[in-house]
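**Student:** Numbering of the sequence shown is given in this note's numbering, commencing with residue 8 and proceeding in unit increments. Ideal placement from N, C-alpha and C gives every residue a C-beta, glycine not left out. Attaching a single structure in structure tokens format; questions to follow.
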Amino acid sequence: MNSQFPPHEMSGTSLPYSSPTATASRTDSFMDAPQKNEPVSKISAELEQFKKVAAELREKLAPAPEFSARCRQAFDLANDLFGNSPTWVCFYREFLGGNGVIHLLFSTNDDLGSFLRTEEYHQIQLMLTALRSRELPENDPHDPQRMITVRLPKSLHEAMCDEAERLNISVNRLCISRMLQMLDPKMIPEMNSKPRGRKPRTRSS
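Okay, here's the thing in structure tokens:
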């Protein structure tokens, strides 16, 4: 496996991804109809190829006993996935998601928390950021979008709005960027009371 990902990928340079321009002529629109489906077909084909690559990597994975070796394994696996990822969503789902490879390599909270403080994890986050910087659709046919409602203090809400404005991004994009940063389990306060609000929805198969 490669030890480093290509510099041009990590630069965050946007890659061209444009949909066909609609025309005013009804005849021209009809003639352009097959082209409008090309981006969708391309993404679908790339996602299928990505699934095959990810499945092969999982099959070959044999977590090393030493922590440092597993950190290297994590980086190499992420690097391979990064080079084959058509969207950031599929990269996240396969590596960092609930059933992601990261949980196969670091199965305990202590191990996972330690990994989140390593340079390898930092580099993996840079890969994710580079994928998010590409001009590609964020909708993934294998990963439907859902919505959550979060209760938070007024001061925290105002601070997030100010930060989003300062960064010239939407609050939604800021929240996603924050949630993509995995949290060290030690940073979650212990509570004896039952969780408030809705129960987490059952994970889709």
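Report buried or exposed for Val-168, applying the criterion of at least 16 other Cβ atoms within 10 angstroms of its Cβ.
**Tutor:** Numbered from its first residue, the sequence shown carries residue 168 at position 161. According to the sequence displayed, residue 168 carries Cys and not Val. It is exposed - the Cβ of Cys-168 has fewer than 16 other Cβ atoms within 10 Å.
**Student:** Decide if the region 101 to 119 is in contact with the region 169 to 184; the criterion is three or more beta carbon pairs, one per stretch, under 8 angstroms apart.
**Tutor:** No: fewer than three Cβ pairs fall under 8 angstroms.
**Student:** By the DSSP assignment, the alpha helix (DSSP H) with Asn-179 in it spans what residues?
**Tutor:** Here the question's residue 179 lines up with position 172 in the sequence shown. Counting along the chain, the alpha helix (DSSP H) containing Asn-179 begins and ends at 178 to 186.
**Student:** Which residues in the same chain have their Cβ closer than 7 angstroms to the Cβ of Trp-95, if we skip the five residues on either side of it in sequence?
**Tutor:** To locate residue 95, count along the sequence shown from 1; it is residue 88. Once the five neighbours on either side are set aside, the close Cβ partners of Trp-95 are Leu-135, Leu-138, Arg-139.
**Student:** Does the Cβ of Ile-155 have 16 or more other Cβ atoms within 10 Å, making it buried, or fewer, making it exposed?
**Tutor:** Here the question's residue 155 lines up with position 148 in the sequence shown. Ile-155 is exposed by the Cβ-count criterion.
**Student:** Alpha carbon to alpha carbon, how far is Pro-196 from Leu-84?
**Tutor:** Translated into positions along the sequence shown, residue 196 becomes position 189. Translated into positions along the sequence shown, residue 84 becomes position 77. So the alpha carbons of these two residues sit roughly 32 angstroms apart.
**Student:** Could you spell out where the alpha helix (DSSP H) holding Leu-135 opens and where it closes?
**Tutor:** Stepping through the sequence shown from its first residue, residue 135 is reached at position 128. Start and end: 126 to 140.
**Student:** Mapping the DSSP letters down to three states, classify Ile-109 as helix, strand or coil.
**Tutor:** By 1-based counting over the sequence shown, the position of residue 109 is 102. Ile-109: helix per DSSP, three-state reduction.
**Student:** Under the rule that 16 or more other beta-carbon atoms within 10 Å means buried, what is Arg-124, buried or exposed?
**Tutor:** On the sequence shown, residue 124 is found 117 positions in, with the first residue counted as 1. So Arg-124 counts as exposed.
**Student:** Under the assumption that Leu-88 contacts Phe-102 (Cβ atoms under 8 angstroms), give the Cβ distance between them as a whole number of angstroms.
**Tutor:** Sequence index remark: in the sequence shown, residue 88 carries index 81 (1-based). Sequence index remark: in the sequence shown, residue 102 carries index 95 (1-based). Correct: roughly 6 angstroms between the Cβ atoms.
**Student:** Residues in its own chain within less than 7 angstroms of Asn-179 by CB, not counting five upstream and five downstream?
**Tutor:** The residue you call residue 179 lines up with position 172 of the sequence shown. Once the five neighbours on either side are set aside, Asn-179 has no close Cβ partner at all.
**Student:** With distances taken between CB atoms, is the gap from Leu-119 to Ile-109 smaller than 9 angstroms?
**Tutor:** Along the sequence shown, one-based indexing puts residue 119 at 112. Along the sequence shown, one-based indexing puts residue 109 at 102. Yes, Cβ-Cβ distance for Leu-119 and Ile-109 is below 9 angstroms.
**Student:** Does the beta carbon of Asn-91 sit closer than 9 angstroms to a beta carbon anywhere in chain C?
**Tutor:** No chain C is part of this structure, which consists of one protein chain only.
**Student:** Buried or exposed for Ile-50, going by 16 or more other Cβ atoms inside 10 Å?
**Tutor:** Within the sequence shown, numbered from 1, the residue matching residue 50 stands at position 43. With 16 or more other Cβ atoms within 10 Å, it is buried.
**Student:** Under DSSP, the alpha helix (DSSP H) around Glu-101 begins and ends at which residues?
**Tutor:** On the sequence shown, residue 101 is found 94 positions in, with the first residue counted as 1. Residues 95 to 102.
**Student:** Helix, strand or coil: which one does DSSP assign to Gly-90?
**Tutor:** Looking up residue 90 in the sequence shown gives position 83. Correct three-state label for Gly-90: coil.
**Student:** Met-198 by DSSP, collapsed to three states: which one?
**Tutor:** Mapped onto the sequence shown, residue 198 falls at position 191. Three-state result, Met-198: coil.
**Student:** Need the endpoints of the alpha helix (DSSP H) that Glu-73 sits in, please.
**Tutor:** Position 66 of the sequence shown holds residue 73. Taken as a continuous stretch (DSSP letters only), Glu-73 belongs to no alpha helix (DSSP H), as it is neither H nor E.
**Student:** Just reading off the alpha helix (DSSP H) that Asn-175 is part of, what are its end residues?
**Tutor:** What you label residue 175 is simply residue 168 of the sequence shown in a count that begins at 1. First-last for Asn-175: undefined, no H or E at that position.
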